Structures are given as structure tokens and as C-alpha cells.
Amino acid sequence: LNSVADSPHSFEWALLRPEGCARGKLAVFDEEDPQVQTSVYMIGALIQEMLWQKSASSLLLSGSELICDAVEAAFSKGGQYEFEVSSMPKVIERPGDTPEQPFEVKVVKASDLPPAKAP
Numbered sequence: 003l004n005s006v007a008d009s010p011h012s013f014e015w016a017l018l019r020p021e022g023c024a025r026g027k028l029a030v031f032d033e034e035d036p037q038v039q040t041s042v043y044m045i046g047a048l049i050q051e052m053l054w055q056k057s058a059s060s061l062l063l064s065g066s067e068l069i070c071d072a073v074e075a076a077f078s079k080g081g082q083y084e085f086e087v088s089s090m091p092k093v094i095e096r097p098g099d100t101p102e103q104p105f106e107v108k109v110v111k112a113s114d115l116p117p118a119k120a121p
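Numbering-wise, the sequence shown is residues 3 to 121 according to my numbering.
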């Protein structure tokens, strides 16, 4: 984390829940930096931890295209976090939803991320 402390680049995410929204933000390496995969790994680990702490019905991502694409793939069927993605519909209660409704991952502009809201 010290390596990106002064980075002008950041990545943000939002975990949407029926009763609130959990947010995260991390300074990241530039897409052209050879260590950009370190940022992808850290983002994935932080989102995974937040998912198990808070649970969520969907995930919104905002940042560079390369990092967004990598994180979106990791949290999709067949991705590194497929277990979490397939488990969330079973642990989250959403009025009117069924456990068969898939966990959704979307890339959005930072201005479209909802504010954090604790339950």
C-alpha cells in the first residue's frame, strides 16, 4: 500500500444491500504499471472480505477499464470469486427476490456510485 500512497489513481466499489450500501476505495497502480495486477488482487481480497462481513445483492465498480474488467471477471461465474457470487443470493434477503436471482456486477462512473449507508 505504501507503493501507491501518492498515486493519483483510485478504484471504488459499492456493495448494494436491501438495507444499505457498503463502500470501498483504494489507491491503485496505473494501468501501464507492471504491478497493476497487485491492485487487482488487493481489490478482490477487500471486496471478498466485505461480502462475507456484510453480504450484498450486487456489486458496482468504478475505476480504470483494465482494473474494472479484471475485477468484474473475478466476481463472475467461472471467476476467482465464483463461490462468493453463487453464495450471496442464498444469504441475502431481498423482498420479492428469490435465491435464483443472480448476483449482479456492473461497471459505473464514480458519480453513479450510491453513498455509503449503514443498516
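C-beta atoms are modelled at their ideal positions from N, C-alpha and C, and glycine is treated no differently. On a predicted model such as this, the values are computed, not experimentally measured, just so you know.
So who's on the other strand from residue i, going by DSSP bridges?
| i | result |
| --- | --- |
| Cys23 | Leu18, Lys119 |
| Phe13 | Leu28 |
| Val109 | Leu63 |
Which whole-angstrom value describes the C-beta separation of residue i and residue j, a residue pair presumed to lie in contact below a C-beta threshold of 8 Å?
| i | j | result |
| --- | --- | --- |
| Ala120 | Ser64 | No, Ala120 and Ser64 are not in contact; Cβ-Cβ is about 20 Å, not under 8 Å. |
| Met52 | Ala72 | That belief does not hold up - the Cβ atoms of Met52 and Ala72 are roughly 18 Å apart, past 8 Å. |
| Leu17 | Leu48 | Wrong, their Cβ atoms sit about 11 Å apart, outside the cutoff. |
| Gln103 | Pro91 | 6 Å |
Could you check which residue in the options has the C-alpha nearest to that of residue i?
| i | options | result |
| --- | --- | --- |
| Glu34 | Ala24, Leu53, His11 | His11 |
| Pro116 | Gly80, Ser60, Phe85, Glu86 | Ser60 |
| Glu74 | Ser89, Gly46, Ser88, Ile94 | Gly46 |
| Val87 | Ile94, Phe77, Val93 | Phe77 |
| Ser41 | Ile49, Phe31, Gln50 | Phe31 |
| Glu122 | Val110, Asp114, Ser5, Gly22 | Lying before the first or after the last residue shown, residue 122 is absent from the chain, which here runs from 3 to 121. |
| Val6 | Gln39, Met90, Trp54 | Gln39 |
| Ser57 | Tyr43, Glu106, Asn4 | Glu106 |
| Ile69 | Asp8, Asn4, Trp15 | Trp15 |
Can you name the start and end residues of the alpha helix (DSSP H) that residue i belongs to?
| i | result |
| --- | --- |
| Val73 | 67-76 |
| Lys92 | 84-93 |
Determine, using beta carbons only, whether residue i comes closer than 9 Å to chain B.
| i | result |
| --- | --- |
| Glu14 | In the displayed structure, chain B is absent; only one protein chain is listed. |
Quiz item: Which runs of the beta strand (DSSP E), 3 residues or longer, sit entirely within the segment 24-63?
Solution: none
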